[in-house]
Structure formats: structure tokens, C-alpha cells
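In our numbering, the protein residues as written are 126 to 524.
Take a look at the structure set out below.
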Amino acid sequence: MPSSKRLNTQYILIQLAYWAVCAALLAYQTTLLLHRGFTNTQVGVLLAVRCFAGVFAQPLVGSYADRHPNLPLKYILTLCLGVAFFAGLLHMLPMGMVGTAAVLVFLGALEISAYPLVDSMAVQFIQVGANVPYSLGRGLGSLAYAATSMFIGFQAGRLGVETTLVTHSVLVLVLMAAVVTFPKFDPEWRRKDGEKTAAQAPKNALRLLRDNPRFALMLVGLLLGITACLPMSNFCINIIRAKGGTDAHLGVAIFLMSGSELPAALLFDRLYRKGRAGAILTFSMAAVAVKAFLTILAPNYWMVWLLQPTQMLGYGLFTPASVFYVSDAIAPEDQVKGQTLMMMASNGLGGMLGSALGGRMLDMGGVSGMLWVCVAMGTAAALLTAFAAFPRLRRKGGV
């Protein structure tokens with residue numbers, strides 16, 4: 126077993142690098158696509174394609190990792206990032222709808238949606254007793270996203286939004302170096318005191334969902350919740366403009382939104398008790414609906430800025446709570462698949478529906494119409510996750 130100092134330092138470095146990579150690609154992706162002449166609806170479709178690629182790829186990667194426990198996750202992740210790096214280079218070339226969609230398929234499937242592997246690299250050490258500060262690492266990752274977004278904003282203003290893709294490619298190389306040097310996990314460490322136990326065969330995804338109905342219901346609720354949440358991030362530039370701001374104000378909004386997730390990560394360790402991650406997820410989904418409603422009422426972009434820290438109660442708590450919910454609810458031999466299903470349902474399918482629906486609603490009903498849909502989706506998410514987290518509610522409600 127590697128030393129705690131080495132394990133913690135290198136895992137935090139991976140979180141910092143990963144979220145910096147995401148910020149370099151995602152923070153100004155909508156602005157970049159609009160700059161290239163795409164409409165709001167087309168942008169929504171392109172972002173949905175990126176998310177759909179993750180939905181398709183995540184279960185395949187997760188199942189492969191579960192079936193080959195002796196193959197270190199860091200090698201699988203490095204291969205994914207290597208292919209995504211070359212896709213990022215192609216993204217620097219302005220293309221039409223089909224070419225851009227093809228590039229985003231690779232980026233969505235192999236880079237943005239590789240996050241379950243990053244989670245699982247920590248969870249497998251945590252489950253054998255290692256003290257890996259996942260919440261702290263994830264919170265610092267959010268801070269890295271915020272700082273990188275601010276930097277990208279200045280870069281876009283001075284050098285043009287297209288140059289942000291150069292920064293993205295450089296950061297991918299940094300992330301690959303951090304992943305390659307991370308300690309390898311030995312499956313033998315799962316066995317207590319050297320006792321040889323018969324390993325359970327991992328289940329396929331359908332059987333896993335069938336045998337865990339509460340987990341399946343939670344996934345449906347979180348799918349709706351992220352459908353409500355992500356349009357407020359993906360189309361933040363549209364919200365800022367509608368409230369009287371300009372492209373220059375977007376970087377500040379993203380910095381405040383992402384930076385607020387660090388306090389949430391630090392708060393999570395105090396809130397979390399084994400088996401209570403579901404309750405935190407319910408609270409986070411309710412917070413998403415409240416943020417959307419308050420954004421509707423915001424009179425100007427200054428108030429939109431002031432609302433961004435509420436992100437820590439929504440998406441900020443959702444991220445660590447979702448990881449620990451899977452850790453509590455799913456058997457060790459199915460952990461990678463469980464984390465993958467969680468990411469696939471939330472940021473995958475939820476991101477796909479949120480992107481497509483958000484872009485379409487912007488063209489049909491404007492920013493207010495989009496935000497009202499977010500309120501409705503967030504409310505439904507809070508109800509479903511409550512039924513999943515509290516079995517007594519489900520029995521009384523007949524669900």
C-alpha cells in the first residue's frame with residue numbers, strides 16, 4: 126500500500142488537473158460554438174451529442190474495468206485521454222455540424238465522461254481502509270475549474286475564444302502525466318488479513334438495476350435533476366446576456382459558481398453518515414429547483430452573480446454525495462459499473478436532455494422559458510430522490 130501522503134497528494138493533483146481540463150473545454154464551449162455561427166438549437170444538439178457519446182461509452186468502459194480487476198484503472202483512463210487529446214487537436218479546426226459532432230463524440234465519450242474512472246480510483250482505495258480525501262480533492266477540483274474558467278475568460282477576451290482549445294490540449298497532457306504516476310491498486314488488498322475469499326462475479330448493468338430498485342429510482346431522479354441543473358451552466362452566457370450583461374461577465378459567473386463547490390465539499394464530510402448520502406442528494410435536487418426559480422426573479426446580471434454560490438447546495442453537494450451513495454449501495458465487485466451508471470444517468474443522459482431541451486427552449490421561449498422548465502424538472506427530481514432515499518415515503522406514497 127502506498128503511503129497516505131503520496132496517495133493523497135497525487136489524487137488531489139488528478140482532481141485539479143481533470144477539472145482544469147473540463148473548464149478549458151466546457152466553460153466557453155457554448156460561446157465558441159455560437160462564435161462559429163451555430164444557433165442555440167444547434168448548440169444544444171451538439172452538446173447533447175457529446176453527452177450521448179458518454180452515455181454509450183460509459184457502461185462499456187465500466188463493464189470492461191469490472192471484468193478486468195487486475196488491469197489498473199489508471200491505464201484505462203490514460204488510453205481514453207490519449208485518444209481524446211487527438212480529438213481536441215481536431216477541434217481546433219472550424220468544421221460544419223457533422224464534423225463538429227464527430228469530434229465532440231470522442232471528447233464526450235473518452236474525456237468528459239471518463240470521470241467515473243477518476244472516482245473509482247479513489248473509491249477502491251477507500252474501501253480497503255486508505256484515507257483518501259475524496260471530498261477535499263473534489264472541492265479543490267471545483268476551485269481549479271473556477272480558476273481555469275477565469276483565466277480562460279481573460280484569454281478569450283485578449284486572444285480570442287478559439288485559443289482556449291490550445292490551453293485545453295496542454296492541460297490534457299498534464300492530466301495524463303498525473304494519472305500515469307498515480308499508485309496502482311492491488312486487488313489482493315480487498316482481502317482482510319490475507320484471508321482468501323471467493324470473489325463474486327460482477328453483474329451486468331440490467332441485473333444490477335433490477336436487484337437494486339431504490340438505486341434505479343435514485344438514478345431516474347438524478348437524471349431529471351441534472352437535466353434541470355446543466356442548462357443553467359451550459360447556457361449561462363444566454364442568462365447573463367438576458368439580464369443585461371455581456372460575454373466579459375461570463376467568466377466571473379462561472380468562477381463564483383464553480384468556486385462555491387469547494388465549501389460544499391468540505392461541508393460534505395460533516396453531513397455524511399454511512400447510508401445518508403441519499404438524503405443529501407434529495408436536498409441537492411431541491412436546491413437546483415430553488416436556484417432556477419431565483420434566477421428567473423433576478424433583475425440584472427449582478428444578481429445572477431450573487432446567486433451563483435447557491436451552486437454549492439445543489440451540484441456542489443450532488444457530486445460527492447452521488448459517489449458515496451454508490452459506495453454504500455453497490456457491492457465492491459460492481460463499484461466501477463455502479464459509478465458508471467450514476468454518471469451515465471446524471472451527467473450523461475441528464476446532460477444530453479438538458480442540453481437539447483435547454484437549447485430548444487431558448488429558441489422557443491427565451492431564457493425565462495428555459496428556467497421554468499428547470500424549476501419543474503428540479504422539483505420532480507427532489508420528489509423522486511426523496512422516495513428513493515426514504516423507503517417509508519415510498520410505501521406511503523404508493524410508489
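Note that the Cβ used here is the ideal one computed from N, Cα and C, for glycine as well.
Quick one, which of Met477, Val498, Gly476, Gly475 has its alpha-carbon nearest methionine 486's? Within the sequence shown, numbered from 1, the residue matching residue 486 stands at position 361. Taking only the C-alpha atoms, the option nearest methionine 486 is Val498.
Using a 10 Å radius around the Cβ and a threshold of 16 neighbouring Cβ atoms, would you call histidine 193 buried or exposed? In the sequence shown, the residue the question calls residue 193 occupies position 68. Residue burial is scored here from C-beta neighbours: histidine 193 has fewer than 16 other C-beta atoms within 10 angstroms and is therefore classed as exposed.
Does the count of Cβ pairs from the segment 461-476 and the segment 412-431 closer than 8 Å reach three? no
Taking the alpha helix (DSSP H) that phenylalanine 443 belongs to, which residues open and close that run? On the sequence shown, residue 443 is found 318 positions in, with the first residue counted as 1. Phenylalanine 443 -> alpha helix (DSSP H) spans 440-454.
Touch check for the segment 251-260 and the segment 443-455: three-plus C-beta pairs under 8 Å? yes
Could you check if lysine 130 is buried or exposed, using at least 16 other CB atoms within 10 Å of its CB as the buried criterion? The count along the sequence shown starts at 1 and reaches residue 130 at position 5. It is exposed - the Cβ of lysine 130 has fewer than 16 other Cβ atoms within 10 Å.
What number of angstroms, rounded off, separates the C-alpha of asparagine 256 from the C-alpha of arginine 335? The residue labelled residue 256 in the question sits at position 131 within the sequence shown. The residue labelled residue 335 in the question sits at position 210 within the sequence shown. For asparagine 256 and arginine 335, the distance between alpha carbons rounds to 32 Å.
Who are the Cβ neighbours of proline 445 in its own chain at under 7 Å, not counting the five residues just before and after it? Locating residue 445 in the sequence shown gives position 320, where the first residue counts as 1. So the list reads Tyr259, Ser260, Arg263, Ala390, Phe393, once near-sequence residues are dropped.
Cα-Cα separation between asparagine 337 and threonine 465, rounded to whole angstroms: In the sequence shown, counting from the first residue as 1, residue 337 sits at position 212. In the sequence shown, counting from the first residue as 1, residue 465 sits at position 340. When only Cα atoms are considered, asparagine 337 and threonine 465 end up about 15 Å apart.
Examine the Cβ distances between the segment 337-347 and the segment 404-414 and report whether three or more of them are shorter than 8 Å. Touching, yes.
Tell me whether glycine 254 is buried or exposed, calling it buried when 16 or more other Cβ atoms sit within 10 Å of its Cβ. As a first step, residue 254 is located in the sequence shown; it is residue number 129 there, counting from the start. Label assigned to glycine 254: exposed.
Does DSSP classify histidine 193 as helix, strand or coil? Working through the sequence shown from its first residue, we reach residue 193 at position 68. The answer is coil: DSSP assigns histidine 193 none of H, G, I, E or B.
Does the Cβ of serine 358 have 16 or more other Cβ atoms within 10 Å, making it buried, or fewer, making it exposed? Position 233 of the sequence shown, counted from the start, is the residue given in the question as residue 358. By the 10 Å Cβ count, serine 358 comes out buried.
What is the rounded straight-line gap between the Cα of valine 304 and the Cα of lysine 199? As a position in the sequence shown, residue 304 is number 179, starting the count at 1. As a position in the sequence shown, residue 199 is number 74, starting the count at 1. Rounded to whole angstroms, valine 304 to lysine 199 spans 6 Å at the Cα level.
In chain order, what are the residue ranges of uninterrupted alpha helix (DSSP H) at least 4 long that sit wholly in the segment 228-266? 240-251
Round the Cβ separation of glycine 355 and serine 245 to the nearest angstrom and send it over; I've been treating them as touching at under 8 Å. Within the sequence shown, numbered from 1, the residue matching residue 355 stands at position 230. Within the sequence shown, numbered from 1, the residue matching residue 245 stands at position 120. Reading off the sequence shown, one finds leucine at residue 355, where the question assumed glycine. About 22 Å; that fails the 8 Å criterion.
How many angstroms separate the CA atom of glutamate 320 from the CA atom of glycine 439? Position 195 of the sequence shown, counted from the start, is the residue given in the question as residue 320. Position 314 of the sequence shown, counted from the start, is the residue given in the question as residue 439. Model confidence at glutamate 320 stands at a pLDDT of 43, short of 50, so the residue's coordinates are unreliable and nothing is read from them.
Residue ranges of each alpha helix (DSSP H) within the segment 320-401, 4 or longer: 330-336, 338-359, 361-367, 375-384, 386-396
Residue environment, methionine 87, which counts as buried when at least 16 other CB atoms sit within 10 Å: There is no way to answer for residue 87, as the model of the chain reaches only from 126 to 524.
For the alpha helix (DSSP H) containing glycine 503, name the first residue and the last one. Translated into positions along the sequence shown, residue 503 becomes position 378. Glycine 503 -> alpha helix (DSSP H) spans 476-514.
By alpha-carbon positions, which one of Ala414, Leu419, Thr510 ends up nearest to valine 500? Translated into positions along the sequence shown, residue 500 becomes position 375. When each option's Cα is compared against that of valine 500, the closest is Ala414.
By Cβ distance, which residues of its chain are closer than 6 Å to leucine 419, with the 5 residues on each side in sequence left out? Locating residue 419 in the sequence shown gives position 294, counting from the first residue. Taken in chain order, the residues that qualify are Leu432.
Between leucine 525 and the rest of its own chain, which residues show a CB-CB distance below 6 Å, the 5 nearest in sequence each way excluded? Within the shown structure, residues of the chain are numbered from 126 to 524, placing residue 525 beyond reach of any answer.
Nearest-angstrom Cα distance between isoleucine 455 and glycine 463? Taking the sequence shown and counting its residues from 1, the one referred to as residue 455 is at position 330. Taking the sequence shown and counting its residues from 1, the one referred to as residue 463 is at position 338. In a straight line, the C-alpha of isoleucine 455 is about 7 Å away from that of glycine 463.
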